[in-house]
Amino acid sequence: MNRCPVEIMDVIMELACADGGSTGRALSLVSKLVSEVSRPYILNSIALYGINQVERFSTFISTPDKTRTSRVRHLFISRIRPHKEPRKRIPGQRYPSGFSLTITDQSNYRRQWMNIFHAVSPTLISLVVIDEDIPNMQILGHDWPVLEDLSLSVDSPINWVQSREFPVQLPALKRLTLIAHIADPFPSFFHHACLTFPNLTHLRLSGFEDILCFAEDLSVALGQREYDPQSITRWPNSKPSLPQNIQCVSIHVGKQAYFRPRIAGWRSRAEVVADLRELAYGGIITLTEGEREGRGEFFVFMMRKHWLECVNGLEGPWNFGGRHMTAIDPLPEAVVVEDNVASAST
2 MNRCPVEIMD VIMELACADG GSTGRALSLV SKLVSEVSRP YILNSIALYG INQVERFSTF
62 ISTPDKTRTS RVRHLFISRI RPHKEPRKRI PGQRYPSGFS LTITDQSNYR RQWMNIFHAV
122 SPTLISLVVI DEDIPNMQIL GHDWPVLEDL SLSVDSPINW VQSREFPVQL PALKRLTLIA
182 HIADPFPSFF HHACLTFPNL THLRLSGFED ILCFAEDLSV ALGQREYDPQ SITRWPNSKP
242 SLPQNIQCVS IHVGKQAYFR PRIAGWRSRA EVVADLRELA YGGIITLTEG EREGRGEFFV
302 FMMRKHWLEC VNGLEGPWNF GGRHMTAIDP LPEAVVVEDN VASAST
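Each step along the sequence shown adds one to the number in my numbering, with nothing skipped, and position 165 is 166.
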């Protein structure tokens with residue numbers, strides 16, 4: 002291939018980047034030229050779906066060849082595979098998650114996560130985690146010196162933020178998305194966020210049934226409401242505050258029937274949305290409405306689209322020009338690690 006015309010090489014490289022990496026992997030094995038050209042891009046962006054891929058990739062990066070992990074910049078991990086269209090399901094039916102894990106399997110599964118994060122954390126720029134089998138994100142207990150974009154959709158992504166015993170610091174983090182599968186957030190979120198993410202510019206919250214309490218804390222942080230030091234159940238440590246560089250706070254309200262604020266008691270969805278709209282008017286807060294996020298194959302598909310947009314330098318989920326998740330045009334298939342764990346393409 003060294004004597005192959007440049008015009009043909011360009012076409013080959015373009016096709017090799019459009020099929021999920023299979024062509025690029027095959028060419029890298031048979032052509033030294035392709036192998037050398039693609040070396041700076043191999044493992045630059047990785048998407049893992051399911052337990053098998055997580056375990057195989059964990060084994061793959063455990064080899065002594067440190068160059069394998071030194072180039073990982075973007076990582077997407079999901080327990081379930083994406084699907085391009087929403088699937089109808091029986092009310093009350095659980096979303097597919099592969100299969101249930103025993104306690105032993107869960108422990109081993111978390112070790113695989115820890116191994117991956119330990120290997121990629123020094124160079125990772127963007128990270129998306131979608132897995133309800135991870136009860137909290139203490140697995141992020143590594144140094145993340147250059148991580149700028151973090152999206153978490155797990156059962157309880159907030160435990161690791163408020164825990165005093167977990168001194169994780171994300172000094173470079175600019176964009177944070179929290180999608181939780183729990184009813185109650187914790188007090189003083191913005192106080193902890195200010196300490197943990199000092200350079201945060203974009204914050205997106207979704208999935209919390211008790212989202213109004215976030216909005217109330219946010220209004221105090223913005224100076225729109227007075228701080229009540231007597232509300233020790235709400236602000237046990239200090240007045241809520243925001244990182245000084247914050248530019249946008251997005252709150253997504255799903256189609257839940259009722260919300261359960263900690264203080265106000267049960268309130269209708271219409272009342273909560275009205276309060277959120279009043280809070281969002283004329284400020285840095287953006288309110289979006291739609292299906293509840295956080296579960297299902299289509300949700301994984303859309304999160305991957307947002308991740309790919311950010312990897313390619315686009316706005317991803319931070320473009321609020323009236324668009325809804327179901328209206329986003331599919332992007333071309335990108336880097337995916339197959340079950341045999343071969344290297345990714347550009």
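Where is the CB? At the ideal position from N, CA and C, for every residue including glycine.
Query	Result
Can you give the beta carbon distance from L148 to I126, rounded, assuming they're within the 8 Å contact cut?	7 Å
Going by C-alpha distance, which of L44, L315, V312 and H253 is nearest L288?	H253
Does the pairing of the segment 194-208 with the segment 170-179 give three or more beta-carbon distances under 8 Å?	yes
What do you get for R205, buried or exposed, if any count of 16 or more other CB atoms within 10 angstroms of its CB means buried?	buried
If I follow the unbroken alpha helix (DSSP H) through F300, where does it start and stop?	E298 to V312
Beta-carbon separation of F77 and I52 under 9 Å?	no
In angstroms, rounded to a whole number, what distance separates the CA positions of V294 and F300?	The sequence shown places Glu at residue 294, rather than the Val named in the question. Each residue's Cα considered, the two are about 7 Å apart.
Just reading off the alpha helix (DSSP H) that V38 is part of, what are its end residues?	K33 to S39
Given this structure, state the Cα-to-Cα distance separating V31 from I117, to the nearest angstrom.	29 Å
Here's the rule: buried if 16 or more other CB atoms are within 10 angstroms of the residue's CB, otherwise exposed. What is I43?	buried
Please report the straight-line C-alpha distance between I9 and D132, rounded to a whole angstrom.	42 Å
If we ignore side chains and look at the alpha-carbon of each, how far apart do N160 and T64 end up?	Model confidence at N160 stands at a pLDDT of 49, short of 50, so the residue's coordinates are unreliable and nothing is read from them.
Looking only at its chain, what residues have a beta carbon closer than 8 Å to the beta carbon of R72, apart from the 5 residues adjacent to it on each side?	P41, Y42, I43, L44, N45 and T124
Span of the beta strand (DSSP E) holding R205?	H203 to S207
Measuring CB to CB, does Y50 end up less than 9 Å from I81?	yes
Using the three-state DSSP reduction, which class does G99 fall into: helix, strand or coil?	Because G99 sits at a pLDDT of 43, beneath the cut-off of 50, its placement in the model cannot be relied upon, and the following sentence gives the value as read from the coordinates. Here G99 sits in coil by DSSP.
For H203 and K175, which I take to be in contact (beta-carbon distance under 8 Å), what is that distance rounded to the nearest angstrom?	6 Å
On the DSSP bridge assignment, give the partners of C249 in chain order.	H203
Please look up how many angstroms separate the CB atoms of S405 and I180, rounded, as I've assumed it's under 8 Å.	The chain is shown only over 2 to 347; residue 405 falls outside these bounds and no answer can be derived.
Between C249, Q107 and V250, which has its C-alpha nearest V55's C-alpha?	Q107
So for V73, helix, strand or coil by DSSP?	coil
Rounded to the nearest angstrom, what separates R4 and S23 at their Cα positions?	23 Å
How big is the Cα-Cα spacing for L315 and S152?	16 Å
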